[in-house]
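Encoded as structure tokens, the structure appears first; notes follow it.
Next up, the structure:
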């Protein structure tokens, strides 16, 4: 009876990991499709509706596309960590390095949005809805960076304890 419970637990773990990976890929695909197909059309329509801001169309698109790079890199790192979880190799230095890269990507996205926000404030009077969206993305990126940094520190501490344990046995 204990082996069937163990087997069910392993199946649930694999199912959860696959579901997590599919969810991550789905989010990345949706955001990429929005950034490359919907956003340019929306920017074009906005440039037609508000010609006084048409000069911002391509700089804003370019800025958003630049922030897509660290986002995709963070997605790749999250998939690598989930693969390590599936292989029961979580407590390794490589996992801590993946977390560090995710943290750096989150802080990179936050920095890009803050810099873009400041530049936009200098150029135009900011629409409150767009300002709120920029602040929300910046704060979310900051929180992801902080949480990932905490997880990285905890993992590195656990690695030290594990190494000390291995040496004493």
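In our numbering, the protein residues as written are 1226 to 1394.
Even glycine gets a Cβ: it sits at the ideal position worked out from N, Cα and C.
- Judged by DSSP secondary structure, residue 1356 falls within the alpha helix (DSSP H) whose first and last residues are 1353-1393.
- Under the DSSP assignment, residue 1317 falls outside any alpha helix (DSSP H); it carries neither an H nor an E label.
- Within the model, the alpha-carbon separation for residue 1320 versus residue 1276 is close to 49 Å.
- Residue 1350 sits in coil when the DSSP states are folded into three classes, being neither helix nor strand.
- Per DSSP, reduced to three states, the secondary structure at residue 1331 is helical.
- Cβ neighbours of residue 1335 within its own chain (closer than 7 Å, five residues either side excluded): 1363, 1366, 1367, 1370.
- Judged by their CB atoms, residue 1292 and residue 1327 are not nearer to each other than the 9 Å cut-off.
- Under the three-state reduction of DSSP output, residue 1303 falls in the helix class.
- If the five residues before and after residue 1285 are omitted, its C-beta is found closer than 7 Å to the C-beta atoms of 1268, all from its own chain and listed in chain order.
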